[in-house]
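**Student:** First the structure, then my questions, so here it is.
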Amino acid sequence: MVQGSRLPYFDTLLESFDAGDTNVAEAFGRHVHWGYWEQEPESAPTSAEFARAAERLCREVWESAGIRDGDRVVDVGCGFGGTLVSVEAQRSGVTLTGVNIDHRQLLRAARMTKAAHAGNTLAWLCADACALPLAAVSCDVVLAVECIFHFPDRRRFFAEAWRVLKPGGRLALSDFVPAKVLLPVTLAAGFWPGSRGFYGKVDMRCTAHRYAKLATEAGFLPLLDRDITRHTLPTYPFLRRLSPRLPALRSSAVAETLFAELASRLGLLRYRILTYRKRVSEPEPAATAERACV
């Protein structure tokens, strides 16, 4: 692991993969993020059902960026590569780069990825999302699926995304966005257990208002602000169902996940897809945000 990154939940997943746990591998072998369901199922999802829901969530994000044939796409915090594999299967002539600070995740992504379809390219890059080793004005789309809360500075990431994107290029991300009233709790979680717990260092202090300010300062126009919280809620009963298969699970994992679920069900923590466009030389009217919720 690159020095400075510490993600115990990836340690647990990789250990389960090595131990041959097929249920954990089926659920998280490609995607390591929440799932998306149109309707909440009557019972806790199975590993196979969760894997399909996780695929749907990544598609909700990358489709919000309007990825077209021939685009150059960078997925930061790419995990095991599932989002780019999803894009690669649906688009042609695309140049895809997965970026992650943990080389172990990239090694698995490379092992699990089949050869790209004709006309597509797929590569993996070990790097910091806030200091991308990519040329300026070289990309059409930057993606960040459920990972930006691990980055040391959202402002620096927005600046980097703006730097590498072409004029009119799109940035799409998903994140847990707190209501203002929840900020004192999320601030405390930045010290413990959020900074030393199962999910590693997590910053969930960025409200919708703060995101709007960051985007404007960086030179982005808002395209979409979509609250999909209700579609992600079945993730929590699935995690409870899976937890007995993870004997190394920390008490902090239970506490952190329970907090996220309660806050989400109470409407205090919203799972949102946010999409922006880099300004071009002439001013453009901002699109109306969809279902915005501070």
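1 is the number of the first residue of the sequence shown in full-length UniProt numbering; add one for each residue after it. Where is the CB? At the ideal position from N, CA and C, for every residue including glycine. Being a predicted model, the structure only gives us computed values, none of them experimental.
#1: Whole angstroms are fine: how far does the CA of Pro45 sit from the CA of Gln39?
#2: Which whole-angstrom value is the C-beta distance of Phe259 and Asp203, which I expect to be below 8 Å?
#3: Specify the secondary structure class of Phe10 as computed by DSSP and reduced to three states.
#4: Run through the DSSP bridge pairs and tell me what Arg72 is partnered with.
#5: What do you reckon, are the CB atoms on Thr83 and Leu143 nearer than 8 Å?
#6: Mapping DSSP to helix, strand and coil, what is Gly82?
#7: Cα separation between Val24 and Arg111?
#8: So, is Thr12 buried or exposed, given that buried needs 16 or more other C-beta atoms within 10 angstroms?
#9: Which two residues bound the contiguous beta strand (DSSP E) that contains Trp124?
#10: Out of Ala218, Asp225, Gly200, Leu221, point me to the one whose CA is closest to Ala208's CA.
#11: Pull up the distance between the alpha-carbon of Pro237 and that of Ala135, whole angstroms please.
#12: Could you work out which residue in Ala109, Asp140, Ala179, Val177 is closest to Ala161 when comparing CA atoms only?
#13: Among all the DSSP beta bridges, which residues are the ones paired with Ile273?
#14: Applying the criterion that 16 or more other CB atoms from any shown protein chain within 10 Å of the CB defines a buried residue, is Lys278 buried or exposed?
#15: Considering only residues of the same chain and omitting the five flanking positions on each side of Gly81, which have a CB-CB separation below 6 Å?
#16: May I have the straight-line CA-CA distance separating Pro234 from Pro244, to the nearest angstrom?
#17: Go to Ala144, then tell me how far its beta strand (DSSP E) extends in each direction, as first and last residue.
#18: Short check: CB of Leu182 to CB of Ala255, under 8 Å?
#19: Please name the residue in Gly93, Gln105, Asn100 whose C-alpha comes closest to that of Ala116.
#20: Grouping DSSP H, G and I as helix and E and B as strand, with all else coil, what is Phe220?
#21: From this set, Thr275, Ile273, Leu242, which residue's C-alpha is nearest Ala27's C-alpha?
#22: How many Å lie between Ala129 and Ser174 at the Cα?
#23: Could you work out which residue in Ala188, Ala215, Leu14 is closest to Arg205 when comparing CA atoms only?
#24: Please classify Ser86: is it buried, with 16 or more other beta-carbons within 10 angstroms of its beta-carbon, or exposed?
**Tutor:** According to the data block:
#1: 12 Å
#2: Contact flag wrong, Cβ pair sits at about 15 Å.
#3: helix
#4: Thr95
#5: yes
#6: helix
#7: 17 Å
#8: buried
#9: 121 to 126
#10: Asp225
#11: 43 Å
#12: Asp140
#13: Ser174, Arg226
#14: buried
#15: Gly98, Ala109, Thr113
#16: 18 Å
#17: 139 to 145
#18: no
#19: Gly93
#20: strand
#21: Leu242
#22: 15 Å
#23: Ala188
#24: buried
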